Amino acid sequence: MFGKLLAVSALTVSLTACGGGGQDVAERASDAVATASGAAASNAASASAAASATAAAACPTAATKKFAKTRFVADAGLAFGAFNQWILKPYKAGGFNADAANRKRTIAKAVAAGAFSLNRLNAARKMINADPTLCKSLKAPVEAVWATATAAIEKIKTGDVSGIGDASSALEDMRKQAKDDGLNIKDRQPPSGF
């Protein structure tokens, strides 16, 4: 695509520099560039929509990564631990209230913990997509957790804590579903210095 745009631009410059074509060629070239870029954007959008629909519906028939269940439990435990320690506990203690001492610091820590939690949730999502058993039973709950946790953390960045309760209940629903499938997700503390 970039090569076509570059070729059309070079052709336009060379024709106008040599005195041939004038304004008509330049207009046609810019129309061609606009048409080509519009078609490319349309194709890219439809390809990504088709890819995400296919990815959402497809589960692997065999494990594609080693120790996917173990890695899923470890990543989910880290995500849960960071969320509970640095977001849920301060929320329940009133650390996000407007009159709370060190409110800005609490929000900053919550945003950092939220970023860490989302990183580990994303790693857990990848492990789910690598194991057929996990994919069939936990794909929907993890996607729900991903959506609510992402929304809650985006709200926390602005000081709005209204999504924390929803994210917490989605996390607990996922933990219950995993336990029903024989996976015990325990809160794990993030690495020291966090």
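With mature numbering (1 follows the signal peptide of the UniProt record, and there is no 0) applied, the sequence shown corresponds to residues -19 to -1, 1 to 175, in that order.
The beta carbon of each residue, even a glycine, is placed where N, CA and C say it ideally should be.
Note that the structure is predicted; figures quoted are calculated from it, not measured.
Here Lys117 has Cys40 as same chain residues with Cβ atoms under 8 angstroms from its own Cβ, once five neighbours each way along the sequence are excluded.
Across the structure, Thr139 and Thr42 are spaced so that their CA atoms are roughly 42 angstroms apart. Between the alpha carbons of Arg156 and Thr45 lies a distance of about 23 angstroms.
For the options Ala148, Met108 and Lys85, the alpha carbon positioned closest to that of Trp127 is the one of Ala148. DSSP places Val54 in the uninterrupted alpha helix (DSSP H) bounded by Ala49 to Phe64.
Boundaries for Cys40: no alpha helix (DSSP H) harbours it, and the DSSP string shows neither H nor E there. Rounded to the nearest whole angstrom, the C-alpha separation of Leu59 and Arg106 is 13 angstroms.
DSSP places Thr139 outside both helix and strand once states are collapsed to three, so it counts as coil. Note on geometry: alpha-carbon atoms of Ser98 and Leu119 lie some 18 angstroms from one another. Leu102 and Pro71 have their C-alpha atoms spaced approximately 21 angstroms apart.
Counting along the chain, Thr87 sits inside the alpha helix (DSSP H) bounded by residues Arg84 to Ile109.
Using a Cβ distance threshold of 7 angstroms, Asp168 and Phe61 count as a contacting pair.
CA-to-CA, the gap between Ala111 and Ser173 works out to about 29 angstroms. Within its own chain, the residues whose Cβ lies closer than 6 angstroms to the Cβ of Gln170, once the five positions on either side in sequence are excluded, are Gly62, listed in chain order. Met108 has its alpha-carbon roughly 5 angstroms from the corresponding atom of Ala49. Scanning Thr114, Lys47 and Lys73 for the CA closest to the CA of Ser143 turns up Lys73. The beta carbon of Val92 sits closer than 8 angstroms to the beta carbons of Ile134, Ile137 and Lys138 from its chain, once the five residues preceding and following it are set aside; these are given in chain order.
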